[in-house]
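J.: A single structure is presented below for examination.
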Amino acid sequence: GKDKSADKDEDKKGSWFQKLRNTPKVEEKKRETIWDALRDPKAEQVTKVNQYIWRAALEVLDFLPVKSVDPFSGLIVTGYGTPPGGNRAYRASIFVSDPSLDARSLKLSLQTKSGPVSMSTQRAIEESILTRARQLRKQADQF
235 GKDKSADKDE DKKGSWFQKL RNTPKVEEKK RETIWDALRD PKAEQVTKVN
285 QYIWRAALEV LDFLPVKSVD PFSGLIVTGY GTPPGGNRAY RASIFVSDPS
335 LDARSLKLSL QTKSGPVSMS TQRAIEESIL TRARQLRKQA DQF
């Protein structure tokens with residue numbers, strides 16, 4: 235016959251698992267980050283990124299080694315790199331979230347090894363990317 239203590243262990247496991255499965259989930263509020271776009275369960279929809287902002291970001295930040303690029307989600311992640319003539323290493327996460335060529339389509343997160351950079355530095359880089367994107371669009375319109 236079957237060992238009765240094994241039946242008891244199985245009953246304990248079964249009831250424990252049943253309790254765990256029936257426990258209501260706790261809803262947590264969390265702040266949004268650039269990574270939320272990748273965690274979205276409805277992420278089957280492909281983000282249409284602005285090709286000029288995308289190319290401009292890669293050109294303006296070409297001194298940074300690219301770690302990952304996903305044109306379908308609009309995300310570019312770099313490693314640390316030092317700009318020409320600079321002495322501080324930076325890394326960036328760039329999120330191109332929209333097909334329109336405007337500032338709302340671009341989200342940039344720029345860090346040094348000691349933490350985030352100033353907002354003025356970040357805005358200057360964003361403006362450089364947007365200016366280059368406009369130049370690229372103007373060149374494309376000439377053809």
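Here the sequence shown stands for residues 235 to 377, numbered as in my numbering. Each residue gets a CB set at the ideal place from its N, CA and C atoms; glycine is no exception. All values derive from a computational prediction rather than experimental measurement.
Let me know if F329 comes out buried or exposed under the rule of 16 or more other beta-carbons within 10 Å of its beta-carbon.
T.: Its Cβ being crowded by 16 or more others within 10 Å, F329 is buried.
J.: Could you check where the alpha helix (DSSP H) with L370 kicks off and where it finishes?
T.: Looking at the DSSP string, the run of the alpha helix (DSSP H) that includes L370 is M353 to D375.
J.: Beta-carbon within less than 8 Å of T316's beta-carbon, same chain only, minus the 5 sequence neighbours each way: which residues are those?
T.: Same-chain partners within the cutoff: F297, R322, A323 and Y324.
J.: Looking at the structure shown, is V294 part of a helix, part of a strand, or coil, going by DSSP?
T.: Reduced to three states, the DSSP call for V294 is helix.
J.: Alpha carbon to alpha carbon, how far is D332 from L342?
T.: Approximately 14 Å, taken between the alpha carbons.
J.: Helix, strand or coil for S307, going by three-state DSSP, please let me know.
T.: The answer is coil: DSSP assigns S307 none of H, G, I, E or B.
J.: List the endpoints of the continuous beta strand (DSSP E) containing R325.
T.: R325 -> beta strand (DSSP E) spans Y324 to V330.
J.: I282 to T312, Cα distance in whole Å?
T.: Position check: residue 282 holds Lys in this sequence, whereas Ile was assumed. Taking the straight line from one Cα to the other gives about 21 Å.
J.: Looking at R289 and L344, is the spacing between their C-beta atoms short of 8 Å?
T.: The answer is no: Cβ separation not under 8 Å.
J.: Return the chain-ordered list of same chain residues with a C-beta closer than 6 Å to the C-beta of A277, the five sequence neighbours on each side being excluded.
T.: Note on A277: pLDDT 48, under 50, position unreliable in the model; the coordinate value appears next. Correct list: empty, nothing qualifies.
J.: DSSP state of S339, grouped into three classes?
T.: Helix at S339.
J.: Going by the DSSP bridge assignment, what does T312 pair with across the sheet?
T.: T312 is bridged to V300.
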